[in-house]
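*Asks:* Numbering (our numbering), first residue to last: 5 to 126.
Each residue gets a CB set at the ideal place from its N, CA and C atoms; glycine is no exception.
Before anything else, here's the structure in question.
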């Protein structure tokens, strides 16, 4: 979600990469809630963070504490910005409850993305 939202709102101001410590594909509810705000997840896929171990970044934004602790030390100087956000996959209950959790997560990430863009646009 974060990658797609930053691409959608940041345009060409940022080069965006996204990866996880245990990539698992794009969840169907992620696709659904992103389409609700006009963002297609077509072409998005989960990547392993180790694939970027030799890549230089200006910013690294872990979305959970486990990711922050497991992130490699990337080369160069970069700023780490922790956005510890609850994973909506961990919500149990009926479909509507799960869908609401994904919507809430999308909205939280979108707010953080917009704040990030405002503070860091060059």
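Classify residue 20: buried if its beta carbon has 16 or more other beta carbons within 10 angstroms, exposed otherwise.
*Replies:* Along the chain shown, one-based indexing puts residue 20 at 16. Answer is exposed; the Cβ neighbour count stays below 16.
*Asks:* Distance, Cα to Cα, residue 127 vs residue 125?
*Replies:* Nothing about residue 127 can be read from this structure; the chain reaches only from 5 to 126.
*Asks:* Can you tell me which of the three DSSP states residue 56 falls into?
*Replies:* The residue you call residue 56 lines up with position 52 of the chain shown. Helix, per DSSP.
*Asks:* Apart from the five residues just before and just after residue 53, which ones in its own chain have a Cβ nearer than 7 Å to its Cβ?
*Replies:* Counting from 1 along the chain shown, the entry for residue 53 is found at position 49. So the qualifying residues of the chain are 23, 24, 25, 75 and 76.
*Asks:* Run the CB neighbour count on residue 109, radius 10 Å, all protein chains shown included, and call it buried at 16 or more, exposed below.
*Replies:* Taking the chain shown and counting its residues from 1, the one referred to as residue 109 is at position 105. With 16 or more other Cβ atoms within 10 Å, it is buried.
*Asks:* Taking the straight line between their C-alpha atoms, what separation do you get for residue 61 and residue 103?
*Replies:* Position 57 of the chain shown, counting from 1, holds the residue named residue 61. Position 99 of the chain shown, counting from 1, holds the residue named residue 103. About 33 Å.
*Asks:* The alpha helix (DSSP H) that contains residue 120, what's its start and end?
*Replies:* Residue numbering aside, residue 120 sits at position 116 when the chain shown is read from its first letter. Residues 99-124.
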